[in-house]
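See structure below.
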Amino acid sequence: MTTLLAIDWALLTEKLILIAIIIFASLGIALYMTYGERKVAGILQDRPGPNRAGPFGIFQPFADGLKLIMKEEIIPDTSNKALFILGPGLAMSAALMTCAVVPWGDHVELFGRNIALQIADINVGILYVFAVVSVGVYGIMIGGWASNNKFSLLAALRGASQAISYELAMGLSLIAVLMTTGTLQLGEIVKQQMAPGHLWNIAYQPLAFIIFLVCAFAECNRTPFDLPEAESELNQGYHQEYSSMKLGFYLFSEYINMFISSAIMVTLFFGGYDVPFLNESLLSPNIAALVGIIALMTKIVCFIFFFMWVRWTIPRFRYDQLMNLGWKKLVPLALANMLITGAVILLWFNK
Amino acid sequence: MQALTNRAKIMERKPMTFLESIYLWNIFKGMMITFSHIFKKQPTIHYPEQTRPFSPVFRGLHVLNRDEEGRERCTACGLCAVACPAEAITMEAAERLPGEENLYREEKYAARYEINMLRCIFCGLCEEACPKDAIYLSETFAPASFTRQSFIYGKKDLLIPDVTKQPLEFAEAKGIKN
Ligand code: SF4
Ligand code: SF4
């Protein structure tokens, strides 16, 4: 009986608190990403961007959120009601679930406990990310289908085919990375990159990074791959029938996706929470963790800026261009990269 | 065809090479262009705090004028209403009673004088038509509002303050800053 009840309550609370912090932090960051997006758009277009709500407009996201919540909640008469409500929830939870395996820092020592700053360092970390990202497509698919609107359905189909095509190239590009790291565990990958004498993975796998980056844009449905919400041809895309907070969830999940994929890219290719030219083991663990988190966030913010910068630079691809790029360009490139990496590892290092 | 400007470029229609067809270089070039715009000067005029100067011939909201003694100049002749292409002006005339000489300059005056600012096209023809120099177009424009009714400006809104009784308000209306 006692063995059954021997749950590590401390571990459980510790993890729950960590989960809560990470979820609220992701939501908060996503909130301010909407502000950042509008600000970046403004500045790239020679205008100031939102600047009325509070100093520099920093309360703008709350005004936007309030506006979304206050809108009338409409569920179309002919829609499939349960699925219609499930769609945005699925999109949101799939977006949030990925943060479980991202190592946000090394560990902190609090109350005599050694708390790892990662919710779950599972040994198939990257596979988990892929699995959850694939579930994210269902948010779009279900939402688009349940709306019972032909534009939404078309957009959902586009979204699904796009996500599936680009997942392939994404996976293939990662195989090359995995060959060099030899592990799927994200925490381990970061530790390898932190090791002295070892550069960040971007130095070993630049092509894989570029392919992964392009695919990340496609997976997040960001411009130039935002075909599922192509306003010009599909009215609003898959969330056309959505209003109020359900629409807000869809819009929000896009930003969370962007945040998480930035985090994954930083973890895989840019050393995660590693600070270059600094030996973290010389610092006390708590300070090292703080420095690490700041470093990670800085890198993520750079990536987020990059996402926005691309969005406000290039127009949307045509659908055939999108498919061409995915299947005829990225997949062969990723395959070649994989092959070359394998050959080099085999012949040079004789592993 | 001869090019009208020297900016015209001959387009090549060769099929793209593999490197071109993954767009990266061209996207990079485009991103450099947008990046350079971060450092450009913003032409924005932050409206309520900053305003753009109007041209000297700007035609804005109407003002019903008074003479030097503060008497209303309008005699309700209706020429402005006739001249108005948008039919924005309506008025009702009334006869000046004995003892009102200090209020109205002429023997007949406008008891009611309304301009519908939603109809008005700010052409200024009323100003030109007026034989009494009674109506002028000023350099302000109608503020936004929630109701149509509030865009019908009556005498209360149009009449300039009396210079003899309310010199401060008059100065403000004239835009004279002390
Ligand atoms: S400005 Fe033109 S449109 Fe307006 S009231 Fe005068 S005449 Fe009519
Ligand atoms: S404003 Fe001038 S034109 Fe119009 S009714 Fe008065 S006096 Fe006549």
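So the sequences go chain by chain: A and B.
Anchor point for the first sequence: position 54 equals 56 in my numbering, and the numbering is continuous, going up by one each time.
Anchor point for the second sequence: position 24 equals 49 in my numbering, and the numbering is continuous, going up by one each time.
Glycine is no exception: its CB is placed at the ideal position from the N, C-alpha and C atoms.
Would Ala171 (chain A) and Gly344 (chain A) be called neighbours here (beta carbons separated by less than 8 Å)? no
Kindly indicate the opening and closing residues of the beta strand (DSSP E) around Val110 (chain A). His109 to Leu112
Give me the residue from B:Leu128, B:Asn127, B:Pro110 and B:Tyr134 with the minimum Cα distance to Ile119 (chain B). Checking the sequence shown, residue 119 (chain B) turns out to be Ala, not Ile. The shortest C-alpha separation from Ala119 (chain B) is found at B:Tyr134.
Gly149 (chain B): beta carbon under 7 Å from a heavy atom of ligand 2? no
Kindly provide the ranges of any alpha helix (DSSP H) runs that are 4 or more residues long and lie completely inside the segment 297-346 of chain A, ordered along the chain. 321-325
Name the chain B residues whose beta carbon is nearer than 7 Å to that of Lys331 (chain A)? Ser46 and Ile47
Spatial neighbours of Leu180 (chain A) within its chain, please: CB distance less than 8 Å, with the 5 preceding and 5 following residues excluded, ordered by chain position. Ile128 and Leu186
Since Asp276 (chain A) and Gln207 (chain A) should fall inside the 8 Å C-beta cutoff, what is the C-beta to C-beta distance between them, to a whole number of angstroms? The pair is not a contact, with the Cβ atoms about 16 Å apart (cut-off 8 Å).
Looking only at its chain, what residues have a beta carbon closer than 6 Å to the beta carbon of Lys202 (chain B), apart from the 5 residues adjacent to it on each side? With a pLDDT of only 45 at Lys202 (chain B), under 50, the local geometry of the prediction cannot be trusted, and no value is derived from it.
On the CB-based measure, 16 or more other CB atoms within 10 Å of its CB, does Arg54 (chain A) come out buried or exposed? exposed
Determine the DSSP secondary structure at His200 (chain A), reduced to helix, strand or coil. coil
Mark Ile166 (chain A) as exposed unless 16 or more other C-beta atoms lie within 10 angstroms of its C-beta, in which case mark it buried. exposed
Give the straight-line distance between the Cα atoms of Phe309 (chain A) and Met260 (chain A), rounded to the nearest whole angstrom. 8 Å
Using only the alpha-carbon positions, how far apart do Leu46 (chain A) and Glu256 (chain A) sit? 21 Å
For Asn141 (chain B), collect the residues of the same chain with a Cβ closer than 6 Å to its Cβ; drop the 5 residues on either side in sequence, then sort them by chain order. Ala113 and Ile177
Report yes or no: is there a C-beta of chain B within less than 8 Å of the C-beta of Gln47 (chain A)? yes
Of the listed residues A:Met267, A:Phe351 and A:Asn326, nearest to Cys304 (chain A) (C-alpha basis): A:Met267
Burial state of Gly56 (chain A), where buried means 16 or more other Cβ atoms lie within 10 Å: exposed
Please state whether DSSP places Lys133 (chain B) in a helix, a strand or coil. strand
Beta-bridge partners of Arg91 (chain B), as assigned by DSSP: B:Glu97
Identify the residues that DSSP records as bridge partners of Leu162 (chain B): which are they? B:His87
So what's Tyr48 (chain B) in DSSP terms, helix, strand or just coil? coil
Is it buried or exposed for Glu93 (chain B), if we count other Cβ within 10 angstroms and need 16 for buried? exposed
Would you call Asn2 (chain A) buried or exposed, if buried means 16 or more other Cβ atoms sit within 10 Å of its Cβ? No answer is possible for residue 2 (chain A): it lies beyond the span of chain A, which begins at 3 and ends at 353.
Any chance the CB of Gly179 (chain B) is under 7 Å from a heavy atom of ligand 2? no
Rank A:Arg224, A:Ala148, A:Leu280 and A:Gly173 by C-alpha distance to the C-alpha of His200 (chain A) and give the top, closest one. A:Leu280
Nearest-angstrom Cβ-Cβ length linking Leu183 (chain B) and Leu104 (chain B), presumed shorter than 8 Å: The pair is not a contact, with the Cβ atoms about 16 Å apart (cut-off 8 Å).
How far does the beta strand (DSSP E) with Asn116 (chain A) in it reach, from first residue to last? Arg115 to Ala118
Is Met142 (chain B) near ligand 2, judged by its Cβ being under 7 Å from some heavy atom? no
Under 7 Å by beta carbon: chain B residues contacting Ile316 (chain A): Ile52 and Gly55
Apart from the five residues on each side of it in sequence, which residues of its chain come closer than 7 Å, Cβ to Cβ, to Ala65 (chain A)? Ala55
Range of the contiguous beta strand (DSSP E) that encloses Ala119 (chain B): Ile114 to Glu120
Count the other CB atoms, across all protein chains shown, that sit within 10 Å of the CB of Trp202 (chain A); report buried if there are 16 or more and exposed otherwise. buried
Nearest-angstrom beta carbon gap, Ile306 (chain A) and Met35 (chain A) [assumed within contact, 8 Å]: 6 Å
Listing by chain order, which chain B residues have their CB less than 8 Å from the CB of Val312 (chain A)? Ile52 and Met56
Can you tell me which residues form a DSSP beta bridge with Glu153 (chain B)? For Glu153 (chain B), which the question treats as bridged, DSSP gives no partner whatsoever.
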